[in-house]
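Worksheet for the structure shown next.
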Amino acid sequence: MATNQQQQQQQKHPLVLIAGGGPAGLLLSILLDKIGVDSVVIERASEPNEWSSKSYTLVLGQNGKASLAEAGCLEAATEAGIERRFVYFYDASSGDVKAMPKQVSGLGFTRPLLVQVLE
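If you read the sequence shown in the numbering used here, its first letter stands for residue 101, the second for the next number, and so on.
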């Protein structure tokens, strides 16, 4: 049984359990560490390729890039990712492809690549 002093110590230094070692879980762990909160990340998959098919591409907008900057990962992410300046539309009946410029470019990754940047 924990003593009163141990309980007070635990309250001063919370420990957060993060379920999921994907991009969001890893980024959360980095950001918590920056404010002095310890965390443990658990992941069901033993290898990244077990979950890499859950999403083909992730595109981070302004908020996502701001979060990476806060975590100190934006430079590495910019080098690894691909800038997405357009949204493309494909017309299946005519075969035409149309490009719509984005007001703010996104930063595109595969899920395993973004996880690699955050590790």
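Idealized CB from N, CA, C, for every residue including glycine.
The three-state secondary structure of GLY164, taken from DSSP, is helix. Between the segment 125-134 and the segment 157-170, the count of C-beta pairs closer than 8 Å reaches three or more; the two stretches touch. When beta bridges are read from the DSSP output, ASP133 appears opposite no residue.
When C-beta atoms of the segment 181-189 are compared with those of the segment 197-213, three or more pairs fall below 8 Å, so the two segments count as touching. DSSP places ALA176 within a helical segment (H, G or I) once states are collapsed to three. Annotation: ASN163 to GLU175 spans about 15 Å, alpha carbon to alpha carbon.
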